[in-house]
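Below is one structure, written out as structure tokens; comments come after it.
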Amino acid sequence: MTIRSAANNASHEKDAFGEKRGRKSESVFQDLKGRILTGELKSDSAMTEQSLAQEYACSQSTIREALMLLQECGLVVRKGYQGTFVTDPSVAEAILLLRLRINTEVAGITEAAKVIAPEQVAELRDLDRQFMEARSQRDIYTCAEIDREFHLQIFRFAGMSALEPLLVRTLVMLQKITLATPRPDDAWTHPNIVKHNCILDALEAQDSDAAVSALKSHVFSSVTLLAPQFYGQDTAKLQAQHEPDLNPASL
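Following our numbering, the numbering of the sequence shown begins with 902 at its first residue and continues without gaps.
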């Protein structure tokens, strides 16, 4: 089994809202999502159910289901007879999405660090191993799928299931922002990103403060490297702009 198929099987047997999907609409959804996230499909041209049905050799109802799932993720907006268009987040939306991600994940990892079990840490380390293997192959889409699953698993360990759909959509939209621009070669060879293992070591030690710090550094270093047009190139400055984060204990 390939890394991509393994990631898809693990992450997409159900959608973000827990609903099972048919095999064909799932396949179309996954392919369109990959084309959107990697920038192949852009916001300047309409997609119609008829043209997509011809392209994928399936019924328009199958295409309609796939497009509705993409809309739930925030990746497309449907405009009736005009067709379906890939969303194009503004700078203001990108900043708000990042803040939402940080606030939500910080709350989750704080709780997860208190209760995480050794076998759960081992599960996360295996996901990180798969991520590093995909990265060695420069497989952008598989890296994105595994990275999202890595962060969602940590959040699941916190037991905040009511917020998971919100986090799923936020992560997908941020990947739309960070992955659509071709990355320079040094982003693959010498990425200045705080790696997952820093988060894992803090979780293994059940150190909430260290886990939060590692998570923030990981996220901020990632977005400044991959989407400087939205977030600038100074990780420390970006992090300072987003402090203090929302503290659930103060609510």
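Each residue gets a CB set at the ideal place from its N, CA and C atoms; glycine is no exception.
Local Cβ density within 10 Å of residue 926, reported as buried at 16 or more and exposed below that
As a first step, residue 926 must be located in the sequence shown, where it is residue number 25. So residue 926 counts as buried.
Cα-Cα separation, residue 1133 to residue 1139
The residue you call residue 1133 lines up with position 232 of the sequence shown. The residue you call residue 1139 lines up with position 238 of the sequence shown. Taking the straight line joining both Cα atoms gives about 7 Å.
Cut-off 6 Å between Cβ atoms - residues of its own chain near residue 1136, not counting five sequence neighbours on either side:
One-based indexing of the sequence shown puts residue 1136 at position 235. Here the set comprises 1121, 1122 and 1125.
Local conformation of residue 939 per DSSP, three classes
Here the question's residue 939 lines up with position 38 in the sequence shown. Here residue 939 sits in coil by DSSP.
In the DSSP assignment, find the unbroken beta strand (DSSP E) run with residue 1043 in it and report its ends.
As a position in the sequence shown, residue 1043 is number 142, starting the count at 1. Looking at the DSSP string, residue 1043 is not in any beta strand (DSSP E); the run it does join, the alpha helix (DSSP H), is 1041-1058.
Does the beta-carbon of residue 968 have 16 or more other beta-carbons within 10 angstroms, so that it is buried, or is it exposed?
Numbered from 1 along the sequence shown, position 67 holds the residue referred to as residue 968. The residue is buried, with at least 16 neighbouring Cβ atoms inside 10 Å.
The stretch 1015-1030 contacting the stretch 1092-1106, beta-carbon criterion three pairs below 8 Å
yes
Would you grab the beta carbon distance between residue 1054 and residue 1024 for me? Rounded to a whole angstrom, and I think it's under 8 Å.
Within the sequence shown, residue 1054 is the residue found at index 153, counting from 1. Within the sequence shown, residue 1024 is the residue found at index 123, counting from 1. Correct: roughly 7 Å between the Cβ atoms.
Give the list of continuous alpha helix (DSSP H) stretches no shorter than 4 residues that lie fully inside the stretch 979-1033.
992-1016
Are the stretch 997-1017 and the stretch 948-964 touching by the rule of at least three beta carbon pairs closer than 8 Å?
no
What are the uninterrupted segments assigned as alpha helix (DSSP H) that are 4 or more residues long and contained completely in the stretch 1053-1124, given in chain order?
1065-1080, 1086-1090 and 1097-1105
Here's the rule I'm using: 16 or more other beta-carbon atoms within 10 Å means buried, otherwise exposed. How should residue 1006 be labelled?
Taking the first residue of the sequence shown as 1, we reach residue 1006 at position 105. With 16 or more Cβ atoms within 10 Å of its Cβ, residue 1006 is classed as buried.
So what does DSSP say about residue 907, is it helix, strand or coil?
Here the question's residue 907 lines up with position 6 in the sequence shown. Any reading at residue 907 must be qualified, since the residue scores a pLDDT of 36, below 50, and its modelled position is unreliable; no value is offered.
Would you grab the beta carbon distance between residue 987 and residue 977 for me? Rounded to a whole angstrom, and I think it's under 8 Å.
Here residue 987 refers to the residue found at position 86 of the sequence shown. Here residue 977 refers to the residue found at position 76 of the sequence shown. With 8 Å as the limit, residue 987 and residue 977 qualify as a contact, their Cβ atoms being about 6 Å apart.
Once you ignore the five residues that flank residue 985 on each side, which residues in its own chain have a CB closer than 6 Å to its CB?
In the sequence shown, residue 985 corresponds to position 84, counting from 1. Contacts found: 948, 968, 977 and 979.
Measure the Cβ-Cβ separation of residue 1078 and residue 990 and say whether it is below 8 Å.
Counted from its first residue, the sequence shown places residue 1078 at position 177. Counted from its first residue, the sequence shown places residue 990 at position 89. Cβ distance < 8 Å, so residue 1078 and residue 990 count as in contact.
Give a yes or no on whether the minimum CB-CB distance between residue 1024 and chain C is below 8 Å.
Of the chains in the structure shown, none is chain C; there is only one protein chain.
Whether or not the stretch 931-939 and the stretch 1038-1046 are in contact is what I'm after, with contact meaning three or more pairs of Cβ atoms, one per stretch, closer than 8 Å; do they touch?
yes
Just checking my contact of residue 1014 with residue 1115 at CB under 8 Å: how many whole Å lie between their CB atoms?
Start at 1 with the first residue of the sequence shown, and residue 1014 comes out as number 113. Start at 1 with the first residue of the sequence shown, and residue 1115 comes out as number 214. Not confirmed; about 10 Å, so no contact.
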